[in-house]
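Residue numbers (my numbering), protein chains in the order written: chain P, 7 to 90; chain X, 72 to 241.
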């Protein structure tokens, strides 16, 4: 069970709703609620926004494809023993 | 990156990278095999490894475990197979091993796979692409663990219904 109560999307201000839209677009998936991590990052936009931009920049295709980068991300998460 | 086969290949890279790093980063006290005085099978093994990596030096992990040449040869066979071009190209596999080595704080593994990435044409900017992914997902995983978040994106990926290699369809 999470350490914090994850708020539903409707409990967030308008600025966060825009982040949730970006999240839906990024994953190309219609979530019933934004992913937990999106809601965590939307809690404090001054942290979540630049962190999210850095993530998006890192994941943007360059010398490696988005798919390859998603695989690297999965491996890093696995090595960190993160179930999320 | 759809279909399970590429993920099996990636898992092999993660596993065998740790196999080498755990030896290279911890066995200094054992001492590396001195090639000049090594048995012929160890020298042949080292030659094959040097050829694969196109380096003058055999990676330290192999030089430590070559005290048992038979064991080292089996580890090498698995390593060589895992890193060879199959569905995933060698260049990307080196990048994956680099990310795994960074994540596990393996200085020797990071240096080895960084040099191999560069050999396969990855630029410094390309290296930082992998560094960025590694850093960002090291951050996300720690945030998720701190807040004990539960997985909620596991059903995004499609299920691969094909059988194991050589196996019958269900």
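Even glycine gets a Cβ: it sits at the ideal position worked out from N, Cα and C.
CA-to-CA, the gap between residue 144/X and residue 151/X works out to about 10 Å. Residue 221/X sits away from residue 159/X, with the two beta carbons spaced by 7 Å or more.
Around residue 41/P, the same chain offers 29, 33 as residues with beta carbons nearer than 8 Å, after the five sequence neighbours per side are excluded. In summary, the residues of the region 180 to 214 of chain X whose CB is separated from some CB of chain P by less than 9 Å are 192, 193, 194, 196, 197, 198, 199, 200, 201, 202, 203, 204, 205, 206, 207, 208, 209, 210, 211, 212, 213, 214, in the order they occur in the chain. The beta carbons of residue 82/P and residue 174/X sit closer together than 7 Å. Taking a beta-carbon distance threshold of 7 Å, residue 55/P does not count as an interface residue toward chain X. DSSP, reduced to helix, strand and coil, places residue 53/P within a helical segment of the structure shown. Within chain P, no C-beta atom comes less than 7 Å from the C-beta of residue 232/X; the nearest is roughly 20 Å away. Of all residues in the region 14 to 39 of chain P, those with a C-beta nearer than 7 Å to a C-beta of chain X are 33, 35, reading in chain order.
Looking at 231/X, 146/X, 166/X, 181/X, the one whose alpha-carbon comes closest to that of residue 172/X is 181/X. For the pair of segments examined, the region 116 to 129 of chain X was found not to touch the region 191 to 204 of chain X: the number of CB pairs separated by less than 8 Å stays below three.
Annotation: residue 103/X to residue 76/P spans about 37 Å, alpha carbon to alpha carbon.
Taking the Cα of residue 148/X as reference, the smallest distance to any Cα among 191/X, 117/X, 170/X is reached at 117/X. Interface flag for residue 52/P against chain X is unset, since no Cβ pair is found closer than 7 Å. Judged by DSSP secondary structure, residue 16/P falls outside any alpha helix (DSSP H); it is assigned neither H nor E. Rounded to whole angstroms, residue 16/P and residue 51/P show a C-alpha spacing of 16 Å. Contact of residue 64/P with chain X by beta-carbon distance below 7 Å involves 200, 203, 204, 207. Between residue 72/X and chain P, the shortest Cβ-Cβ separation is below 7 Å. Residues are counted here when their Cβ sits less than 7 Å from a Cβ of chain X; for the region 69 to 87 of chain P these are 69, 70, 73, 74, 75, 76, 77, 78, 79, 81, 82, 83, 84, 85, 86, given in chain order. Distances from the alpha-carbon of residue 37/P to those of 155/X, 107/X, 226/X, 98/X put 226/X closest. Taking a Cβ-Cβ cut-off of 9 Å, residue 48/P has no neighbours in chain X, whose nearest Cβ is about 13 Å from it. For residue 83/X, the enclosing alpha helix (DSSP H) stretches over residues 75 to 95. Residue 92/X is positioned such that its CB atom lies no closer than 7 Å to that of residue 209/X. Selection 62/P, 49/P, 58/P, 72/P evaluated against residue 10/P yields 49/P as nearest (Cα-Cα). Around the beta carbon of residue 134/X, 16 or more other beta carbons sit within 10 angstroms, so the residue counts as buried. Per DSSP, reduced to three states, the secondary structure at residue 136/X is helical.
When DSSP states are grouped into helix, strand and coil, residue 120/X belongs to the helix group.
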